[in-house]
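Number 132 marks the last residue of the sequence shown (the numbering used here); no jumps. Even glycine gets a Cβ: it sits at the ideal position worked out from N, Cα and C. Note that the structure is predicted; figures quoted are calculated from it, not measured. Heads up, the thing below is written out as structure tokens.
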Amino acid sequence: MPHVIISTQVRLDVGPTFVGDEWSDPELMEYLEASLVKVLGNNFAQYKTEDPPRIVLDKLEARGYRLVTMTGVGQTCIWTLHQDLAKSNAEVKKIIEEEKEFVDNKHL
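And the structure:
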């Protein structure tokens with residue numbers, strides 16, 4: 025997962041922070057101490073952490089993510105972060121190797 029988008033309401037700069045959608049990496053969401061929630065009226069779920077954006081950004085930096093851009097949309101602040109593709113490729117390579125091993129063992 026090389027990209028992460030986080031957001032918070034302007035008046036809530038002390039949290040909570042939304043850190044992913046329902047298809048986000050569960051391990052990363054656990055690291056961010058985020059829970060999957062569905063807000064009344066929305067037809068989608070999001071991961072939310074009680075940490076303020078500053079803490080979330082620090083945690084993501086520790087995981088190798090870097091800030092690409094930040095913007096404000098209405099009363100919402102949005103940050104986009106990116107992880108070096110080499111790190112992402114290493115994760116993908118590991119998954120491919122595990123799948124290949126599974127298929128090889130299945131045919132034995």
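> Below 9 angstroms between beta carbons: does that hold for P76 and T32?
Replying inline: yes
> Around the Cβ of G44, are there at least 16 other Cβ atoms within 10 angstroms (buried) or fewer (exposed)?
Replying inline: buried
> CB-CB under 6 angstroms to E125, same chain, minus the five flanking residues each way: which ones, in chain order?
Replying inline: none
>> To the nearest angstrom, how far is the alpha carbon of L56 from that of N129?
In response: 35 angstroms
> With distances taken from CA atoms, which of A86, N66, F42 is nearest C101?
Replying inline: F42
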